[in-house]
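Please read the structure below before turning to the comments.
Number of protein chains: 2
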Amino acid sequence: MIGGRRPLQGRKIGDRRVRVDRPHSPYFRYTGLDTLSAKESTLAPTSATGRAIERTRRLLFGRRLSSDEEALERLPKKLALPIFSSDAISSSAYAPDEILIALFAGGVVALQFSVEMALAISLMLAVVSTSYRQVCRAYPAGGGAYTVARENLGQVFGLIAAGALMIDYVMTVAVSTASAVAQAYSVWPALYDVRVEVGILSIVIITLGNLRGLRESGNIFALPTYAFLGLALLLIGLGLVRAVTGQLPSAPVPAQVPVPGTEAVTLFLLLRAFAGGSVALTGVEAIANGVPAFKPPESKNAANTLTMMAILLGILFVGFMFLADVMGLRPAVEGGGPTAIAQLGSAIFGDGTPLFVALQIATALILFLAVNTSFNAFPRLAAILAGDGYMPRQFAFRGDRLAFSYGIVILAGIAALLLVVFQGDTHLLIPLYSVGVFVCFTLSQVGMVRHWISGRDSGWWWRSAVNAVGAVLTLTVLIVVASVKFAGGAWLVLVLIPLLVLMFWFIHRQYATSARELALRPDQVIAPPHRAERVVVPISGLSRSVVQAVNVGRTISSDIRAVLVIDDHELATRVREDWARQVPGVALVVVESPYRALTGPFLAYLDVLDQAWTPDREAPITFVVIPEYVPRHWWERILYNQSTNQLRRALLGRPNTVITNVPYRREEPTVFERRGQLDGHEPPGERRS
Amino acid sequence: MIGGRRPLQGRKIGDRRVRVDRPHSPYFRYTGLDTLSAKESTLAPTSATGRAIERTRRLLFGRRLSSDEEALERLPKKLALPIFSSDAISSSAYAPDEILIALFAGGVVALQFSVEMALAISLMLAVVSTSYRQVCRAYPAGGGAYTVARENLGQVFGLIAAGALMIDYVMTVAVSTASAVAQAYSVWPALYDVRVEVGILSIVIITLGNLRGLRESGNIFALPTYAFLGLALLLIGLGLVRAVTGQLPSAPVPAQVPVPGTEAVTLFLLLRAFAGGSVALTGVEAIANGVPAFKPPESKNAANTLTMMAILLGILFVGFMFLADVMGLRPAVEGGGPTAIAQLGSAIFGDGTPLFVALQIATALILFLAVNTSFNAFPRLAAILAGDGYMPRQFAFRGDRLAFSYGIVILAGIAALLLVVFQGDTHLLIPLYSVGVFVCFTLSQVGMVRHWISGRDSGWWWRSAVNAVGAVLTLTVLIVVASVKFAGGAWLVLVLIPLLVLMFWFIHRQYATSARELALRPDQVIAPPHRAERVVVPISGLSRSVVQAVNVGRTISSDIRAVLVIDDHELATRVREDWARQVPGVALVVVESPYRALTGPFLAYLDVLDQAWTPDREAPITFVVIPEYVPRHWWERILYNQSTNQLRRALLGRPNTVITNVPYRREEPTVFERRGQLDGHEPPGERRS
């Protein structure tokens, strides 16, 4: 490197060299006077690994979308359907089991109610989806439960909806993962014993993918949904044909023969079955949240897609339940048995056939798609909440990897914990899921009723009536689910939601207080300062990083002194001699620290400097210029700068004090020094080509 | 507060106001030109709680000692004995049990060897303490195993000794705590079931005490040692008198009658008993480490105190074992039985008598004293190692609470973990203890042999012979302990020591590398810099903290611009209008971030600024002046400055860049602003009285 030319320092844009005559072009567009708009290249990864991952990501999912482009890129219905429906449609993979298991507690005789149950839930699906069509119309900018509740019912209900939504996303990850693993062990029973491990591994993979920039942004996501729809409809069609022709085989008897329950078939038992099956409705709200992504006319297209999705989900659900009834299918009450969908598949397609395996794989994939949707929605909700001041502000910068990462890691961690605690059992997880979802439904529908009533647009009375029916229905289900499943886990959600609301409220109060403290009167004009500056450089000896810090200090003020805090007289004398010879013109103060402390004596010295100032003059600003060594690797950090970090924290609380860190980077040892001043190193400059 | 006088800002010294004419006096003494020596007041606590604790601490333990005072304050033998001997003498509380338990595996008949075992170990004690007398003479500055091994046997053996010492300190805490709790449940058996909890609680209390500045520095520490010595000698004396007069009662039969083992009395069984009993020698080295604390002639006084301690320990140990033998005492093999010392005490003093209870309390206290000694020695060793570059540098500043805290918390954490893993069972912990201690003994003695041979002082041959006998003996014990207890936990220590040595070596290599990179040629003279400066202030809006940062930036350079990274056009326009009106003369650049990222676009903008610079001139230093909000409480930190912290980390790796943090403190809102410029707040100045 000595004497040679260096490559461009800082970030590189591919292999292209930056041309000086148009310096802004690779990173920015000019959009006005002193206004630049960042291009995607500003987010380019800097490491080789990062670039390789970025290339793969682009190949699979296309490039990132800016806010403007997101607004411009509209989905045709045939893409919007699979992207927004995976969550809802995938619930047909576990909802049938919920009904069958709940009914089976009343013995084989209770199973005859399964088709009625399916029809009742489909009816509810029809009502709720009709209610949500109205949300699509009323909130063309996207009507999440948080937005609708906050605008119509006020802050508290908005925050309740936000808390319930967060729980909803976590539960979607946990339930869908558990169900996907159940689809897999329905084909390969050996997986049952490692179901928790497999589930956590899946979450880890999806988490890493999302941390590295995997998003729902491409046609690739349409595939599993259409594959699942195709195979499931084929299954139902084939089953119906065989049922008509009388060729439908009876359901296979699972290895562990399920023992029918002996409960009386009471209303309570039927309510429990209904509560269990209501999980089929989870995810129905997704389209209403995403109206702006549709092609114009957005509201109409979204509403029609929603209806389409509800019809498909209804067909799948009722179809599955009808076939299960005809074939006399018995649910795997004990863990480890095949899921209802797997039993149907193996009976109709034939056990072990490629079609059956394909059905199971497609089911698992659409479930993972639902998981991935939550990984997207969670940080987006956090960003909206952060924008409104209810979450820490850093969540608002969604594009920064770190901000995004917090949300992803929290989501994945809690979901994985739930998988472990509930031993990967879908059936045990579902009570927690339904409560959160129906809280959102109810708040959203009640909010809509208020919306129509206060707006009084044409048709407001029948519109509000539709939402009122939806509200009553979802509230009823909520009460049913919360009461029949209370001991089974629903209580946890009912405790968590108020805690989350308290947290949001607390954060909001904090920000409000600090905003008040920081506010400027709008008519105040700020003039340049007239304060003097003083520079103090804490050092531990004489080194290149100290020289660098001292030279930075000299550019700030000529009132500069280095301070050596030390408990070794001899070493102090040696440093003083070297200093006088090598850094002429800069005072060195030695603070002996016989109690072997660094921070206390240094702070006290600064106070002494301030006290020497006469009281009727304004005290100068003290710049504490701290030399810092930048280690090559993150794990080396514990070896460096710990004492100065401590000093930095202590100085944060000190009046009239500014902290300047001068990082010393090994790759560029001559910064801040005179050209060629330090031998053996290349002079600075001549860096840009 | 408005218009009134403020009290002195920053740290206060009691209630005294600082007089401006002698500003240095409360904190510093002048010790030379530009040289100050910090007084203890620089370490004064700033919070009310801190001051209350400090007053209590002073009352109990007297004031802190500086390095100079530590060197001056010499202990008379009558204080040095209890302070340095607690570790060694307290081992007589658990060593007898070790011998008895090991022998009891061979049945009652094997117990007859117990007195012989005690005599053998006392003989070894005599040899080892004689060897250590020589260390006192050779290393008047303190001869820890690390020092002796490093100076005479080289770096590797020094580091092995250091690793073994660290393990030794951890094990002292674990074993002494477990034994102290065992002394307590010997009196109150109900404590047995909560022994782990009680042990951890004790460690937590001692940890908090040490974090708050409890040190071994006062007469208070002499009390438990003398109490224990007095009661134990009384016990032995009374026992002997009764034995001679034939009035000695036979040992009480514990509630759980111990079942004698059925092993043959082989050499292996006897070796195991010897290995167990050798734990009596732990702590013997303490005096040799602390020679400089003795009154002159230091070496002679230390050596005599050492002999005194060895004689006392020998008397206690042999006395206990003799009485146990005469009374036919059977050890509590199963956990929960009374300790040997408790059995003797309850038989001789009478069960439940005040004397018996006092004996048990004194025993527990001297054990906790040994624990506290480790809490002191561990950070001191870490400081020595840090000074030699084998531990992270921050450990070298012992006087700073944080540096000290790391060591204390690590020590307490590992010891508590061991208590949990070994279920608070002294007997199970001791194998790990003995190995570490005897590694230190052996290295120390071998080092002394080399010391005498290379020095060839008068009498070198007989001196080296004494240490050689010690070395052979301790090495033999080490081999015996390591082999007979290998599976019982000794293997862990034999794995840990090399790992610690590797860690020390790795840290040393890192520091050596960075020191080379940072080195200056001694003849290089550093001239003032001639680099231009440029200031960039990243802002998120217009607020008091931003105004403050901008004004600090203006004192650095007139080439200043504020940069607003934002993804909201409207907000950007509004900020621009306010900015133009309220902060005239400072350019505002808006960087629109359609990908909702902060760091990437900001860094790219800095690169664009650099590229605009013509390549043949040196690029200016970029000062990134970051407004920072200082929250009132630590738990508020997550709400503030997270994005800027991320920015800060990213900037550390950027060439030509200096990071300046301008903290905004609510208590002092007008710093860096023009006097009276912002209404509603008191003008700055007039702060010192």
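Order-wise, the sequence lines are chains P and U.
Once you know that position 481 of the first sequence is 480 in numbering that gives the first Met the number 0, the rest is easy, because the numbers rise by one and skip nothing.
Once you know that position 657 of the second sequence is 656 in numbering that gives the first Met the number 0, the rest is easy, because the numbers rise by one and skip nothing.
Note that beta-carbon positions come from the ideal geometry of N, C-alpha and C, so glycine has one too.
Predicted model only: the values in this text are computed from it and were never measured.
Helix, strand or coil at residue i according to DSSP, with G and I counted as helix
| i | result |
| --- | --- |
| P537(U) | strand |
| L266(P) | helix |
| T261(P) | coil |
| Y145(U) | helix |
| A323(P) | helix |
| F396(U) | coil |
| N640(U) | coil |
| S201(U) | helix |
| G552(U) | helix |
| V332(U) | coil |
| Y510(P) | helix |
| S542(U) | coil |
| K299(P) | helix |
| G318(U) | helix |
| M116(P) | helix |
| Q133(P) | helix |
| F348(P) | coil |
| R520(P) | coil |
For residue i: DSSP bridge partner residues
| i | result |
| --- | --- |
| F27(U) | A37(U) |
| F622(P) | V534(P) and V657(P) |
| I565(P) | E591(P) |
| R664(U) | V629(U) |
| A586(P) | R560(P) |
| L74(P) | F293(P) |
Distance CB(residue i)-CB(residue j) smaller than 9 Å
| i | j | result |
| --- | --- | --- |
| D324(U) | V114(U) | yes |
| S443(U) | Y93(U) | no |
| M307(P) | L80(P) | yes |
| P75(P) | K299(P) | no |
| L368(U) | T224(U) | yes |
| I235(P) | F319(P) | yes |
| G143(U) | I429(U) | no |
| E333(P) | A109(P) | no |
| L597(P) | L646(P) | yes |
| P528(P) | R553(U) | yes |
| S692(P) | F316(P) | Examination of residue 692(P) is not possible in this model, given that chain P is present from 0 through 688 alone. |
Burial state of residue i (16 or more Cβ within 10 Å)
| i | result |
| --- | --- |
| K484(U) | buried |
| T572(U) | exposed |
| D167(P) | buried |
| V545(P) | buried |
| S249(U) | exposed |
| F227(U) | buried |
| I565(U) | buried |
| H704(P) | Past the edges of chain P, shown from 0 to 688, lies residue 704(P), and the structure says nothing about it. |
| R329(P) | buried |
| E576(U) | exposed |
| Q689(U) | Past the edges of chain U, shown from 0 to 688, lies residue 689(U), and the structure says nothing about it. |
Rounded distance between the beta-carbons of residue j and residue i, thought under 8 Å
| i | j | result |
| --- | --- | --- |
| V589(P) | T34(U) | 4 Å |
| F437(P) | V476(P) | 5 Å |
| L638(U) | I506(P) | 6 Å |
| L559(U) | V524(U) | A small fix is needed here, since residue 559(U) is Ile in this sequence, not Leu. Not quite, the Cβ-Cβ distance comes to about 32 Å (not below 8 Å), so this is no contact. |
| V623(P) | R664(P) | No, V623(P) and R664(P) are not in contact; Cβ-Cβ is about 20 Å, not under 8 Å. |
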